[in-house]
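Data block below; observations after.
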Amino acid sequence: MLTISLGLFWVKKKALDRKAAVALLDSSSGVDPYLSSLGERVRRMRAIRGLTRKELANATGVSERHLANLELGVGNVSVLVLRQIAHAFHCTMAELVGDVTTASPEWLLIRELLEKRSEQELQRARETLAELFAENHGPGNRNKLQQIALIGLRGAGKSTLGRLLAADIGYPFVELSAEIERVAGCGILEIHSLYGPMAYRRYERRALEEALQLYPEMVLATPGGLVSEPATMNLMLAHCYTIWIKATPEEHMQRVMAQGDFRPMAGNNEAMADLKRILASREAFYSKADWVCSTTQVTLEECLKGLREHVRRLAGMPY
Numbered sequence: 001m002l003t004i005s006l007g008l009f010w011v012k013k014k015a016l017d018r019k020a021a022v023a024l025l026d027s028s029s030g031v032d033p034y035l036s037s038l039g040e041r042v043r044r045m046r047a048i049r050g051l052t053r054k055e056l057a058n059a060t061g062v063s064e065r066h067l068a069n070l071e072l073g074v075g076n077v078s079v080l081v082l083r084q085i086a087h088a089f090h091c092t093m094a095e096l097v098g099d100v101t102t103a104s105p106e107w108l109l110i111r112e113l114l115e116k117r118s119e120q121e122l123q124r125a126r127e128t129l130a131e132l133f134a135e136n137h138g139p140g141n142r143n144k145l146q147q148i149a150l151i152g153l154r155g156a157g158k159s160t161l162g163r164l165l166a167a168d169i170g171y172p173f174v175e176l177s178a179e180i181e182r183v184a185g186c187g188i189l190e191i192h193s194l195y196g197p198m199a200y201r202r203y204e205r206r207a208l209e210e211a212l213q214l215y216p217e218m219v220l221a222t223p224g225g226l227v228s229e230p231a232t233m234n235l236m237l238a239h240c241y242t243i244w245i246k247a248t249p250e251e252h253m254q255r256v257m258a259q260g261d262f263r264p265m266a267g268n269n270e271a272m273a274d275l276k277r278i279l280a281s282r283e284a285f286y287s288k289a290d291w292v293c294s295t296t297q298v299t300l301e302e303c304l305k306g307l308r309e310h311v312r313r314l315a316g317m318p319y
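Here's what the structure looks like:
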């Protein structure tokens, strides 16, 4: 008898707990702001398309009750359910979950114009927009070859080639890593350990902005991961003649170790696999450079010769 009473007590307690939880969610202070805005977007998109909740339920296979909870901002919705709803709305997941390109009708119309375009068409569109929205210190009609940026993974040869090229054409050589440390007031490792990678990217962007102002002519060696931040990369592409110093993963590893960094030990298959994965993920961004300088199976002298001749020819310098 005591066991039955205790059982009934816990059943009633759980029911009360559930009611309390629902009441908390129903209150204006209890609803998660993101879930609330997500529910509002679903409701608005359903209204735009003239769908009743029942029609949306039939199209998605999601119950009306679940959809109602979602629209109220109290639904624990799965990614799969969101994908089904996006399919029914004939929209992308991004539009449903609310990324920046859903902020206004103009964003949506622009995105539709760019959808399914080729890489070449998208590049032309990006370059046109960059020119249209160039800031006061933007490139304008000046020669981008006044500020040359070398990009690529660590160990590609950016610093070595950059110094030699700068000396050859009479430009200052600038290491962006040193500029980052100057701006931050501490070393790169300290930035990462004290403030984290997001802070490092902010310092990187600020250091690039300042370098563009301080050095009207320069050869700039950039950190390998700069291309992972679109805003910083857009800034560099808009202002600098960008050259990808390209090498194979094996060459990257060998050169890093030759610099005295033995952390990626020779024969460490995991380190090599990581390096290959990083290079593969960044290649599409590195390839946006204005020119590619391959250092594979060529001597330093041969590489420098090709680099200086290319730059001098474009800049109208004797070579």
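Okay, so the sequence shown: first residue is 1 according to UniProt numbering, each after it adds one.
All C-beta atoms in this analysis are idealised placements derived from N, C-alpha and C, irrespective of residue type, glycine included.
Determine the closest residue to A178 out of R206, L235 and P216, with distance taken between C-alpha atoms.
R206
Within a Cβ cutoff of 8 Å, which residues of the same chain sit near G61, ignoring the five residues on either side of it in sequence?
Q84
Buried versus exposed, by CB contacts within 10 Å (16 or more), residue 320:
Within the shown structure, residues of the chain are numbered from 1 to 319, placing residue 320 beyond reach of any answer.
For A221, write down the residues that DSSP places opposite it in a beta bridge.
L150 and E175
Which term fits I48, buried or exposed, when burial requires 16 or more other beta carbons within 10 angstroms of its beta carbon?
exposed
Put V311 into one of helix, strand or coil per three-state DSSP.
helix
Rounding to the nearest angstrom, what Cα-Cα distance links E40 and N58 in this structure?
20 Å
Checking 9 Å against the spacing of the C-beta atoms, do R255 and A156 come in under that value?
yes
Quick check on the DSSP output: the beta strand (DSSP E) that includes residue 320 runs from which residue to which?
Any property of residue 320 remains undetermined from this structure, which presents the chain solely from 1 to 319.
Which residue wins for smallest C-alpha separation from A86, given the options I245, V74, G73 and L67?
L67
Residue range of the beta strand (DSSP E) that includes K246:
Y241 to K246
Neighbour-count burial assignment, Y171, 16 or more Cβ in a 10 Å radius:
buried
Do L161 and L307 have their beta-carbon atoms positioned less than 9 Å apart in this structure?
yes
Straight-line Cα distance separating E250 from residue 325
Because the chain in this structure spans residues 1 to 319, residue 325 falls outside the shown range and cannot be described.
Determine whether the beta carbon atoms of L35 and V74 lie at a separation below 9 Å.
yes
Mapping DSSP to helix, strand and coil, what is K288?
coil
Segment contact flag, the region 176-193 with the region 114-125, C-beta cutoff 8 Å, min 3 pairs:
no
What's the gap between the Cα of R117 and the Cα of E283?
20 Å
Report the three-state DSSP secondary structure of A21 (helix, strand or coil).
Low confidence applies here, because A21 scores a pLDDT of 44, under 50, leaving its location unreliable; read the following figure in that light. Correct three-state label for A21: helix.
Beta-carbon proximity list for T102, same chain, < 6 Å, skipping 5 on both sides:
E95
Taking the CB atoms as reference points, tell me whether K158 and L150 lie closer together than 9 Å.
yes
For K305 versus M233, is the C-beta distance shorter than 9 Å?
no
So what does DSSP say about residue 324, is it helix, strand or coil?
For the chain, the structure presents residues 1 to 319; residue 324 sits outside this window and is missing.
Could you check which residue in R46, D274, L237 and I243 has the C-alpha nearest to that of H252?
D274
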